[in-house]
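Here's the structure, in structure tokens; my notes come after.
Here you go:
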């Protein structure tokens, strides 16, 4: 379960990690009240569970209460990569003297924990690793010993962080293990001119299987695509590309993502409708994908087994009927094979929807979807 920034910072405070003073607002007037209470220049930050807020205009500086109200009015309701901002975090602006990166995560490939710490913060860690690999310390963490004071000092030293950051690294580890987290990330972790170490941002993913051990508040409802998909029981993950992908079975969907990438395009999502998906599930999935403003084309790749291709085709037709003119906005490439494939192709052919193109092979369908996305 991904937390919003303000929820992550509440956990940080519980474990003695300093964060900027602030509050959460759901209306512009509330943002003004929080800024007035803080009595300082503030930053208004969209609360969405996805990165890229700054680039999308979801983080705005405000010198005072009136400006905070104005900026909150601009940010509230903003759609950021399919996630709508229903709340903003208004917090005191904190000037960094230096910015760092710190994260703990579960390394599934190694079956262990991994610490990633860098003296370069405020940018994507992938970019830092590519341009300055020596500036990133990647250190496996023994789950039996964890990160004690000595290990935290070693992490800080290896990454080029000041000694005073070691205490915060130790406390971040406590967040990781005591809150049953899968990821704890701070970018940037800053040092102020006075030498204070402050978590200027926060990202925490909790292990839902351990929820019974905690009193963590559930994330408030939102209109984000992943939230909407979850409410419909769909296995959906938002990605950064332009080709929407639907498949039945996680293995087939993963293969489809690879084929789309091989065709020169980036997938916009992972969506597995499952092995026994009904026409309604197909319709729900397609509606979610076509609601994503990043999607330029859609690839439906289904191999009929338990899932019958005629049910999939009926779901596609039902979804497009439901969407009306919205269903004409993006081309949909369909590849059906396996159980009742001929019947499914016939249903789509008879419907003759102008957005639908049928292609018999997975490679051919991916190439067409990639080309349509590039030309959109």
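Numbering (our numbering), first residue to last: 143 to 518. C-beta atoms are modelled at their ideal positions from N, C-alpha and C, and glycine is treated no differently.
In chain order, what residues of the same chain lie with their CB nearer than 6 Å to the CB of residue i, ignoring the 5 residues before and after it?
i, result
"residue 264", "241, 330"
"residue 363", "Legend: pLDDT at residue 363 = 48, less than 50; position of this residue unreliable, no value from coordinates given."
"residue 450", "481, 482"
"residue 170", "211, 214, 215"
"residue 145", "346"
Take residue i and list the residues in its own chain whose beta-carbon comes closer than 7 Å to its own, dropping the five residues that flank it on each side.
i, result
"residue 401", "504, 505, 508"
"residue 148", "166, 189, 231"
"residue 244", "259, 311, 314, 328, 331"
Measure the Cβ-Cβ separation of residue i and residue j and say whether it is below 9 Å.
i, j, result
"residue 168", "residue 218", "yes"
"residue 341", "residue 184", "no"
"residue 368", "residue 333", "no"
"residue 313", "residue 158", "yes"
"residue 328", "residue 318", "no"
"residue 464", "residue 429", "yes"
"residue 392", "residue 512", "no"
"residue 462", "residue 476", "no"
"residue 246", "residue 182", "no"
Say the cut is 8 Å; is the CB of residue i nearer than that to a heavy atom of the ligand MG?
i, result
"residue 308", "As presented, the structure is devoid of all ligands, the ligand MG included, so that no description of it is given."
Please report how far the alpha carbon of residue i lies from the alpha carbon of residue j, in whole angstroms.
i, j, result
"residue 383", "residue 198", "16 Å"
"residue 301", "residue 260", "5 Å"
"residue 399", "residue 151", "34 Å"
"residue 281", "residue 321", "21 Å"
"residue 498", "residue 202", "41 Å"
"residue 454", "residue 269", "40 Å"
"residue 457", "residue 500", "15 Å"
"residue 251", "residue 227", "34 Å"
"residue 153", "residue 316", "10 Å"
"residue 195", "residue 495", "36 Å"
"residue 192", "residue 510", "29 Å"
Output needed for residue i: all residues of its chain with C-beta closer than 8 Å, excluding positions within five of it in sequence on either side, in chain order.
i, result
"residue 163", "180, 233, 234"
"residue 372", "378"
"residue 236", "162, 332, 334, 340, 342"
"residue 155", "161"
Assuming residue i is part of the alpha helix (DSSP H), what are its boundary residues?
i, result
"residue 397", "392-404"
"residue 210", "207-217"
"residue 448", "Taken as a continuous stretch (DSSP letters only), residue 448 belongs to no alpha helix (DSSP H), as it is neither H nor E."
"residue 183", "That residue, residue 183, is in no alpha helix (DSSP H); it is neither H nor E in DSSP."
"residue 509", "504-517"
"residue 310", "308-320"
"residue 300", "291-301"
To the nearest whole angstrom, what separates the beta carbons of residue i and residue j, a pair I think is in contact under 8 Å?
i, j, result
"residue 388", "residue 440", "7 Å"
"residue 254", "residue 297", "Contact doesn't hold; Cβ gap of about 15 Å is too wide."
"residue 204", "residue 177", "6 Å"
"residue 295", "residue 279", "Residue 295 to residue 279, Cβ: 12 Å. No contact."
"residue 411", "residue 444", "Actually they do not touch by this definition, with Cβ atoms about 16 Å apart."
"residue 225", "residue 366", "4 Å"
"residue 223", "residue 380", "7 Å"
"residue 514", "residue 473", "5 Å"
"residue 460", "residue 421", "6 Å"
If you follow the beta strand (DSSP E) that residue i is part of, which residue opens it and which one closes it?
i, result
"residue 354", "No beta strand (DSSP E) contains residue 354, which DSSP labels as neither H nor E."
"residue 500", "498-500"
"residue 380", "377-380"
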